[in-house]
């Protein structure tokens, strides 16, 4: 995060207006929560790598693969994505048109802040829709004891990953709303017209 020199602002306000909401501490310490979720996802990736290597060694050296490796890896990827989603938003690493936003920040900083706010509100709206659609499958998964794998060989319950997805979605949704609020606040600090 850097501060940008805005010539139309008085000197007192210039130093306190960041050029974007990314990388700033979020209210309630949510940025710490997103970092912890991201770290859990990273440790999960490391565990997957170790499991894959152990499976390969088992296949090559002992002609005996680790049971359930394929199932664990396939279901883990979804959980990891949602665990790391909130921190991706908070750190500003979500895919977007930086060329457009960079020029807009210089030419019309309030319009850039408004566009960022709309991006974050849209993200929150989409996450709310996905969250709403994901709640019932979680409850159903617990109720019917849904699993992956095959009986007698390896089975793994699905609901822990579905719950992990919901936790990640809630964190990402709250992060998007807070980022939108920071964008609107930045827009107000910049004052003047949107162009």
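Numbering (the working numbering), first residue to last: 1 to 195. Even for Gly, the Cβ is constructed at its ideal location relative to N, Cα and C.
- Message: Would residue 131 and residue 169 qualify as a contact pair, given that the criterion is a beta-carbon distance under 8 Å?
- Response: yes
- Query: Where does residue 199 land, buried or exposed, given buried means 16+ other C-beta within 10 angstroms?
  - Reply: Nothing can be reported for residue 199, as the shown portion of the chain is limited to 1 through 195.
- Item | Contacting residues, own chain, Cβ-Cβ under 6 Å from residue 124 (five flanking each side not counted) | 173, 176 and 177
- How is residue 21 classed by DSSP in three states: helix, strand or coil? coil
- Message: So within the segment 108-176, which uninterrupted beta strand (DSSP E) runs reach at least 3 residues, ignoring any that extend past its ends?
- Response: 147-150 and 154-157
- Query: Hey, residue 82 and residue 156: beta-carbon distance below 8 Å or not?
  - Reply: no
- Item | Cβ pair residue 97, residue 186 closer than 8 Å | no
- Task: Would you mind sorting residue 80 into buried or exposed? The rule is 16 or more other CB atoms within 10 Å of its CB.
- Result: buried
- Message: Just to confirm my understanding: we take residue 148, look at its own chain, exclude 5 residues before and 5 after, and list those with CB closer than 8 Å. What are they?
- Response: 71, 74, 75, 155, 156 and 158
- Classify residue 133 as buried or exposed, calling it buried when 16 or more other Cβ atoms lie within 10 Å of its own Cβ. exposed
- List the whole-angstrom C-beta distance separating residue 117 from residue 180, where the pair is believed to meet the contact cut-off of C-beta under 8 Å. 5 Å
- Query: Going by the CB atoms, is the gap between residue 84 and residue 37 shorter than 8 Å?
  - Reply: yes
- Task: Within its chain, find whatever has a CB closer than 7 Å to the CB of residue 88; leave out the 5 residues flanking it on each side and keep chain order.
- Result: 94
- Message: So, with DSSP's three-state summary, where would you put residue 94?
- Response: coil
- Query: Just the Cα atoms here: how many angstroms apart are residue 191 and residue 28?
  - Reply: 26 Å
- Quick one: Cα of residue 100 to Cα of residue 106, how far? 10 Å
- Item | Cβ distance (whole Å) where residue 78 is taken to contact residue 165 below 8 Å | 6 Å
- Item | Three-state secondary structure assigned by DSSP to residue 64 | coil
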